[in-house]
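Q: Numbering (our numbering), first residue to last: 2 to 369.
C-beta atoms are modelled at their ideal positions from N, C-alpha and C, and glycine is treated no differently.
1. Counting contacts by CB-CB distance shorter than 8 Å, is residue 29 in contact with chain B?
2. Tell me the DSSP secondary structure of residue 254 in three-state form.
3. Quick one: what does DSSP say residue 186 is sitting in, helix, strand or coil?
4. Tell me whether residue 191 sits in a helix, a strand or coil according to DSSP, three-state version.
5. Is it true that the CB of residue 310 sits closer than 8 Å to the CB of residue 320?
6. Does DSSP classify residue 340 as helix, strand or coil?
7. Could you give the uninterrupted runs of the alpha helix (DSSP H) lying entirely in the segment 210 to 293, keeping only those of 4 residues or more?
8. Based on Cα-Cα distance, which residue from 245, 175, 41 lies nearest to residue 105?
9. Starting from residue 354, trace the alpha helix (DSSP H) both ways and give me its first and last residue.
10. Tell me the rounded alpha-carbon separation between residue 301 and residue 166.
11. With a threshold of 6 Å on Cβ separation, who are the neighbours of residue 268 within its own chain once the five nearest residues in sequence on each side are excluded?
12. Would you grab the beta carbon distance between residue 69 and residue 185 for me? Rounded to a whole angstrom, and I think it's under 8 Å.
13. For residue 127, collect the residues of the same chain with a Cβ closer than 8 Å to its Cβ; drop the 5 residues on either side in sequence, then sort them by chain order.
14. Let me confirm a value: residue 27 is counted as buried when at least 16 other C-beta atoms fall within 10 Å, else exposed. Which label applies?
15. Rounding to the nearest angstrom, what Cα-Cα distance links residue 260 and residue 158 in this structure?
16. Return the CA-CA distance between residue 280 and residue 270, expressed in angstroms with no decimal places.
17. Terminal residues of the continuous alpha helix (DSSP H) containing residue 70?
18. Under the rule that 16 or more other beta-carbon atoms within 10 Å means buried, what is residue 266, buried or exposed?
19. Between 203, 192, 303, 361, which has its C-alpha nearest residue 351's C-alpha?
20. Start and end of the alpha helix (DSSP H) containing residue 29?
21. Can you list, in chain order, the residues of its chain with a C-beta nearer than 7 Å to that of residue 137? Leave out the 5 residues immediately preceding and following it.
22. Taking the continuous alpha helix (DSSP H) assigned at residue 171, which residues delimit it?
23. My output table needs one value for residue 324: the three-state DSSP class, helix, strand or coil.
24. For the candidate residues 97, 85, 14, whose alpha-carbon lies nearest to that of residue 46?
25. Do three or more CB pairs link the segment 147 to 155 to the segment 113 to 132 at distances below 8 Å?
26. Residue 135 lies in the alpha helix (DSSP H); which residues open and close that run?
27. In terms of alpha-carbon separation, which member of 286, 103, 298 lies closest to residue 87?
28. Go ahead and pull the three-state DSSP assignment for residue 21.
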């Protein structure tokens with residue numbers, strides 16, 4: 002490209018393609034001879050959603066590329082965190098947009114709803130693509146029809162979805178990155194062993210405090226000791242690779258044993274210089290999962306407010322289906338479950354000097 006063309010002048014409207022964008026709103030109710038005023042709002046809200054989905058896909062694609070190689074540099078992780086933060090800001094905006102749509106009353110919506118059949122948000126190719134890219138594959142999806150969800154799309158789009166279904170997702174990429182984490186065993190430091198020792202000591206001190214309490218009755222002491230024993234059993238099961246594998250096979254969890262251990266180490270020692278970026282990354286992913294779930298819940302509640310128990314325009318059970326997806330379509334739920342395993346900083350096993358140095362900054366001034 003020549004320098005002249007590179008810096009050639011262009012008009013604002015031409016650059017943004019406003020002639021096409023602003024001519025893309027055509028209320029169907031106008032064909033009845035009396036256009037429903039709020040149909041314009043309905044159209045624009047959903048067009049804006051699709052534009053933001055396009056931007057989110059742009060960001061997620063870039064994060065996928067960052068984690069597609071066997072090695073991931075710190076500066077690349079920082080870039081991924083930055084772009085996921087942008088995704089989260091967009092998702093927060095999409096949640097707020099529902100409030101704008103709710104300025105339309107149920108009666109206002111009914112003025113043009115009949116014109117929408119069988120169009121439905123289920124036919125949003127970009128949103129389905131985003132779900133698959135993040136890690137919501139066919140076997141984990143709540144079905145609302147007896148046939149594949151992507152049958153709604155064009156042949157080319159169906160091929161693209163099938164290809165994505167067969168390819169690694171962001172969940173898979175992050176899991177593989179966690180499995181490569183080298184700090185679980187360094188020389189004589191075994192994170193899993195040290196962590197379980199710390200948990201065991203913490204629970205034993207809790208038992209002693211319960212037994213010695215002057216404020217608890219014997220019945221209350223026995224109840225709390227039983228709860229403490231249940232915690233012991235819980236931690237023993239969680240840190241049993243065979244039990245973990247069974248939970249994966251049953252579909253209760255997704256994250257591999259080693260990846261889960263690495264995620265726990267990152268969260269517990271996230272203040273160490275070398276783990277700060279990985280900790281921010283896991284938090285950004287958990288935030289994204291939470292934002293998507295919140296958006297699903299708000300969408301379901303908005304549908305309940307507008308339609309009650311009516312069937313959706315796409316043929317689903319409407320509110321009930323949307324609520325079920327909000328409960329079951331969390332992709333990174335295992336990252337939220339890590340919080341169950343956190344222990345107070347005061348109880349953390351002390352890192353050996355060698356590992357402490359590896360997790361610290363490379364440059365240290367020499368002692369005079």
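A: With the given structure in hand:
1. The question asks about chain B, but that chain is absent: this structure has only one protein chain.
2. Start at 1 with the first residue of the chain shown, and residue 254 comes out as number 253. Three-state result, residue 254: coil.
3. Within the chain shown, residue 186 is the residue found at index 185, counting from 1. Residue 186 sits in a strand when the DSSP states are folded into three classes.
4. The residue labelled residue 191 in the question sits at position 190 within the chain shown. Correct three-state label for residue 191: strand.
5. Translated into positions along the chain shown, residue 320 becomes position 319. Translated into positions along the chain shown, residue 310 becomes position 309. In this structure, residue 320 lies near residue 310, with their beta-carbon atoms less than 8 Å apart.
6. The residue you call residue 340 lines up with position 339 of the chain shown. Under the three-state reduction of DSSP, residue 340 is assigned to helix.
7. 219 to 239, 242 to 250, 258 to 269
8. What you label residue 105 is simply residue 104 of the chain shown in a count that begins at 1. Of the candidates 245, 175, 41, the one whose C-alpha sits nearest the C-alpha of residue 105 is 41.
9. Working through the chain shown from its first residue, we reach residue 354 at position 353. Run containing residue 354: 354 to 360, per the alpha helix (DSSP H) assignment.
10. As a first step, residue 301 is located in the chain shown; it is residue number 300 there, counting from the start. As a first step, residue 166 is located in the chain shown; it is residue number 165 there, counting from the start. Approximately 26 Å, taken between the alpha carbons.
11. Within the chain shown, numbered from 1, the residue matching residue 268 stands at position 267. Only 339 meet the Cβ criterion.
12. Counted from its first residue, the chain shown places residue 69 at position 68. Counted from its first residue, the chain shown places residue 185 at position 184. With 8 Å as the limit, residue 69 and residue 185 do not qualify as a contact, their Cβ atoms being about 23 Å apart.
13. As a working note, residue 127 is residue 126 in the chain shown. Closer than 8 Å at Cβ, skipping near neighbours: 51, 54, 55, 58.
14. Counting from 1 along the chain shown, the entry for residue 27 is found at position 26. Residue 27 comes out exposed.
15. Numbered from 1 along the chain shown, position 259 holds the residue referred to as residue 260. Numbered from 1 along the chain shown, position 157 holds the residue referred to as residue 158. Computed Cα separation, rounded: 33 Å.
16. For the purposes of this step, residue 280 is taken as the residue at position 279 of the chain shown. For the purposes of this step, residue 270 is taken as the residue at position 269 of the chain shown. Looking at the two C-alpha atoms, the distance is approximately 9 Å.
17. Translated into positions along the chain shown, residue 70 becomes position 69. From DSSP, residue 70 is part of no alpha helix (DSSP H); its letter is neither H nor E.
18. Numbered from 1 along the chain shown, position 265 holds the residue referred to as residue 266. Under this definition residue 266 is a buried residue.
19. If you number the chain shown from 1, residue 351 lands on position 350. Residue 192 holds the alpha-carbon nearest to the alpha-carbon of residue 351 among 203, 192, 303, 361.
20. Position 28 of the chain shown, counted from the start, is the residue given in the question as residue 29. Residue 29 -> no alpha helix (DSSP H), and no H or E assigned at all.
21. By 1-based counting over the chain shown, the position of residue 137 is 136. 330, 332, listed in sequence order.
22. Residue mapping note: residue 171 aligns to position 170 of the chain shown, counting from 1. Segment 171 to 180, the alpha helix (DSSP H) holding residue 171.
23. Residue numbering aside, residue 324 sits at position 323 when the chain shown is read from its first letter. The answer is helix: DSSP assigns residue 324 an H, G or I state.
24. Along the chain shown, read from residue 1 onward, the residue named residue 46 stands at position 45. When each option's Cα is compared against that of residue 46, the closest is 97.
25. In this structure the segment 147 to 155 lies against the segment 113 to 132, because at least three pairs of beta carbons, one per stretch, are closer than 8 Å.
26. Within the chain shown, numbered from 1, the residue matching residue 135 stands at position 134. Where residue 135 is concerned, the enclosing alpha helix (DSSP H) stretches over 126 to 135.
27. Locating residue 87 in the chain shown gives position 86, counting from the first residue. Cα-wise, what sits closest to residue 87 is 286.
28. Position 20 of the chain shown, counted from the first residue, corresponds to residue 21. Helix, per DSSP.
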